[in-house]
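The next block holds one structure in the form of structure tokens; read it before the comments.
There are 2 protein chains.
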Amino acid sequence: MNSSGKAAKSPDAGLAPTEQRLMDAARALFATKGYSAVGIREIAREASLTIGSLYHYASSKEDLFLKLMRRNYESATRSAREAATSGSTPAERLANLVRAHVTLEVSDSNVWRLNRSELEVISTEARAELVALRDEFEQIWRQLIEDGVADGSFTPDDPVLARFSIIQMCNGVALWYRPDGRLSLDEIAAVISRQALALLHVA
Amino acid sequence: MNSSGKAAKSPDAGLAPTEQRLMDAARALFATKGYSAVGIREIAREASLTIGSLYHYASSKEDLFLKLMRRNYESATRSAREAATSGSTPAERLANLVRAHVTLEVSDSNVWRLNRSELEVISTEARAELVALRDEFEQIWRQLIEDGVADGSFTPDDPVLARFSIIQMCNGVALWYRPDGRLSLDEIAAVISRQALALLHVA
DNA sequence: GTCTATAGGCTGATAGAC
DNA sequence: GTCTATCAGCCTATAGAC
Numbered sequence: 004m005n006s007s008g009k010a011a012k013s014p015d016a017g018l019a020p021t022e023q024r025l026m027d028a029a030r031a032l033f034a035t036k037g038y039s040a041v042g043i044r045e046i047a048r049e050a051s052l053t054i055g056s057l058y059h060y061a062s063s064k065e066d067l068f069l070k071l072m073r074r075n076y077e078s079a080t081r082s083a084r085e086a087a088t089s090g091s092t093p094a095e096r097l098a099n100l101v102r103a104h105v106t107l108e109v110s111d112s113n114v115w116r117l118n119r120s121e122l123e124v125i126s127t128e129a130r131a132e133l134v135a136l137r138d139e140f141e142q143i144w145r146q147l148i149e150d151g152v153a154d155g156s157f158t159p160d161d162p163v164l165a166r167f168s169i170i171q172m173c174n175g176v177a178l179w180y181r182p183d184g185r186l187s188l189d190e191i192a193a194v195i196s197r198q199a200l201a202l203l204h205v206a
Numbered sequence: 004m005n006s007s008g009k010a011a012k013s014p015d016a017g018l019a020p021t022e023q024r025l026m027d028a029a030r031a032l033f034a035t036k037g038y039s040a041v042g043i044r045e046i047a048r049e050a051s052l053t054i055g056s057l058y059h060y061a062s063s064k065e066d067l068f069l070k071l072m073r074r075n076y077e078s079a080t081r082s083a084r085e086a087a088t089s090g091s092t093p094a095e096r097l098a099n100l101v102r103a104h105v106t107l108e109v110s111d112s113n114v115w116r117l118n119r120s121e122l123e124v125i126s127t128e129a130r131a132e133l134v135a136l137r138d139e140f141e142q143i144w145r146q147l148i149e150d151g152v153a154d155g156s157f158t159p160d161d162p163v164l165a166r167f168s169i170i171q172m173c174n175g176v177a178l179w180y181r182p183d184g185r186l187s188l189d190e191i192a193a194v195i196s197r198q199a200l201a202l203l204h205v206a
């Protein structure tokens, strides 16, 4: 997993073309404007469908959002697991995980931006599922930091806050990243990795 | 500015009681559910007003949001400036700024959570104003990091990304903080400060 | 699997009495 | 300065033809 490695599989891989268009449109719109600000008409229009057809693929707006987030998390968790196990030291694995996370955030998969204030608006059942998916994802970070602490590579002030802060740093990139910016995505990931390792007081 | 210091002045200080109730209600609702998910009826109800009366204080929902954000930023920028100038070394001033920022984020003033996806939904004029207010706020961080780099206290991998990451770390606290949690707000602020200083490679 | 048409309710906003 | 009443438009969702 490096700059020239193969890109992560799209969250929508293997879907029928129409459903794929629908998911793409929904993801892009939800990610930029937020769940509540996006109407199903807008999604349908963007996916070149009518509302009636949209409801053939999802039983409600919330159901559409959930299907989307399940796919997002599935692909995010898969690539994170892969990154977190490729590398011979905890520090290397952490750098890989940072790169994978930043890359995901910057793509329009953008799981995290969606799993924020939206949680307060959707039903409690949907919220519980999304929280569980998020926890499963964060568990990868947690395990890696624990491993690094166990073998003495990492000596964070507080392992839990270190995890939160590092994930936040990665997520933040999506807020300002532009493809034509001062630094390439790889350079950005490299800097964030070094910041994360500094934060963990790596020897 | 420490744990026993006087609290920052409320963003709504000096307002007529009714307007203050309105601002409080709007801030709490917008912060938890997001701009688009909150209706003016809900705000009016929470403020014990009718819709008609609400429109006596603001000419539109967006105007209400803007008035709110101006007050939020005014108080946030004031307390940040105060923190960033109290302390004899850049490291001390940075620790003070971290504490001030975390405290603000955790209170319901919560400027940053609001100034995120909402930007995509409001009018371009309103967006421009909010971006300018945010830049003014971030300028305080920028200047402090520059000062620290200039006198050799800070040696970040990249000063700009260091600023982004530190602000993100502070903002993140609001996502999980609970008053009855494992760590007090002061302890949290202390850990985040140390993380920020580590990230800046403070000697 | 995609469409049109429409139901039923909520939205932001306004008019005008008091 | 607060209220009631109301408008026009948009919302999610459904029914049923093709």
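So the sequence lines, in the order shown, correspond to chains A and B.
FYI, the numbering for the first sequence is 4 to 206, going by our numbering.
FYI, the numbering for the second sequence is 4 to 206, going by our numbering.
Virtual Cβ for every residue (Gly too), placed ideally from N, Cα, C.
Of the listed residues the options, nearest to residue i (C-alpha basis)
i: R166 (chain A); options: A:Q142, A:A153 and A:P182; result: A:Q142
i: A16 (chain A); options: A:Q171, A:L186, A:E77 and A:E95; result: A:E77
i: S49 (chain A); options: A:R73, A:Q23, A:S62 and A:D66; result: Going by the sequence as given, residue 49 (chain A) is Glu instead of Ser. If we check each option's Cα against that of E49 (chain A), A:Q23 comes out closest.
i: R185 (chain B); options: A:P162, A:Q171, A:L200 and A:A201; result: A:P162
i: G151 (chain B); options: B:I191, B:L202 and B:E132; result: B:L202
i: R74 (chain A); options: A:R30, A:D154, A:I148 and A:N174; result: A:R30
i: R119 (chain B); options: B:G90, B:S110, B:A103 and B:Q171; result: B:Q171
i: D66 (chain B); options: B:D138, B:D189, B:V205 and B:M26; result: B:M26
i: K70 (chain A); options: A:T53, A:L18 and A:H104; result: A:L18
i: F68 (chain B); options: B:A192, B:V114 and B:I191; result: B:V114
i: S110 (chain B); options: B:P20, B:V176 and B:V41; result: B:V176
i: S13 (chain B); options: B:R44, B:A87 and B:S82; result: B:S82
i: R84 (chain A); options: A:S63, A:M72, A:A103 and A:E95; result: A:A103
i: I220 (chain B); options: B:A28, B:L200, B:C173 and B:V205; result: Only positions 4 to 206 of chain B appear in this structure, which leaves residue 220 (chain B) out of reach.
i: L107 (chain A); options: A:Y180, A:L52 and A:T92; result: A:Y180
i: G90 (chain B); options: B:T21, B:I169 and B:L147; result: B:L147
i: S63 (chain A); options: A:R44, A:S51, A:L178 and A:R116; result: A:R44
i: H204 (chain A); options: A:A129, A:L136, A:P93 and A:A131; result: A:P93
i: L136 (chain B); options: B:L52, B:A28 and B:A79; result: B:A79
i: V105 (chain B); options: B:L178, B:V41, B:T53 and B:E128; result: B:L178
Residue-level contact to chain A via CB, residue i, 9 angstroms cutoff
i: T35 (chain B); result: yes
i: L97 (chain B); result: no
i: F167 (chain B); result: yes
i: G90 (chain B); result: no
i: R176 (chain B); result: Reading off the sequence shown, one finds Val at residue 176 (chain B), where the question assumed Arg. Yes - at least one Cβ of chain A is within 9 angstroms of the one on V176 (chain B).
Chain B contact for residue i (CB, 9 angstroms cutoff)
i: E65 (chain A); result: no
i: S187 (chain A); result: no
i: G17 (chain A); result: no
i: M172 (chain A); result: yes
i: L136 (chain A); result: no
i: S39 (chain A); result: yes
i: L100 (chain A); result: no
i: W179 (chain A); result: yes
Extent of the continuous alpha helix (DSSP H) run through residue i
i: L71 (chain B); result: K64 to T88
i: D150 (chain B); result: T127 to A153
i: E196 (chain A); result: Note that residue 196 (chain A) is Ser in the sequence shown, not Glu. Where S196 (chain A) is concerned, the enclosing alpha helix (DSSP H) stretches over L188 to L202.
i: N113 (chain A); result: Run containing N113 (chain A): none; DSSP gives neither H nor E here.
i: Y229 (chain B); result: With chain B represented from 4 up to 206, any question about residue 229 (chain B) goes unanswered, as that position is not in the structure.
i: E45 (chain A); result: I43 to E49
i: A165 (chain A); result: P162 to W179
i: T92 (chain A); result: Neither: T92 (chain A) is in no alpha helix (DSSP H) and is coded neither H nor E.
i: T35 (chain B); result: P20 to K36
Residue i: CB within 8 angstroms of a non-hydrogen atom of the ligand COA
i: R197 (chain B); result: Absent from the structure shown: the ligand COA. Ligands present: none.
Scan the region 192-206 of chain B for residues whose Cβ lies nearer than 8 angstroms to a Cβ of chain A and list them as they occur along the chain. Close to chain A, meaning a Cβ-Cβ distance shorter than 8 angstroms, are the following residues of the region 192-206 of chain B: V194, I195, R197, Q198, A201, L202 and H204.
Give the residues from the region 147-165 of chain B that approach chain A closer than 9 angstroms (Cβ to any Cβ), ordered along the chain. Of all residues in the region 147-165 of chain B, those with a C-beta nearer than 9 angstroms to a C-beta of chain A are P159, D160, D161, V163, L164 and A165, reading in chain order.
Tell me which residues of the region 51-75 of chain B have at least one Cβ-Cβ distance to chain A shorter than 7 angstroms, keeping chain order. Listed by position, the residues of the region 51-75 of chain B near chain A (Cβ gap below 7 angstroms) amount to none.
Three or more beta-carbon pairs under 8 angstroms between the region 141-157 of chain B and the region 48-62 of chain B, yes or no? Verdict: no, contact absent.
Per the contact definition of three or more C-beta pairs closer than 8 angstroms, is the region 181-196 of chain A in contact with the region 185-197 of chain B? With a cut-off of 8 angstroms, the region 181-196 of chain A and the region 185-197 of chain B do not count as touching, because too few Cβ pairs lie within range.
How about the region 148-158 of chain A and the region 88-99 of chain B: do they share at least three Cβ pairs that are nearer than 8 angstroms? Between the region 148-158 of chain A and the region 88-99 of chain B there are fewer than three inter-stretch CB-CB distances shorter than 8 angstroms, so the stretches are not counted as touching.
Evaluate contact between the region 110-125 of chain B and the region 34-51 of chain B, counting only Cβ atoms and requiring at least three cross-stretch pairs below 8 angstroms. Flag = yes, the region 110-125 of chain B and the region 34-51 of chain B touch.
Please name the residues in the region 113-142 of chain B whose beta-carbon is closer than 9 angstroms to at least one beta-carbon of chain A, in chain order. For the region 113-142 of chain B, which is checked against every Cβ of chain A, the residues closer than 9 angstroms are R116, R119, S120, E121, E123 and V124.
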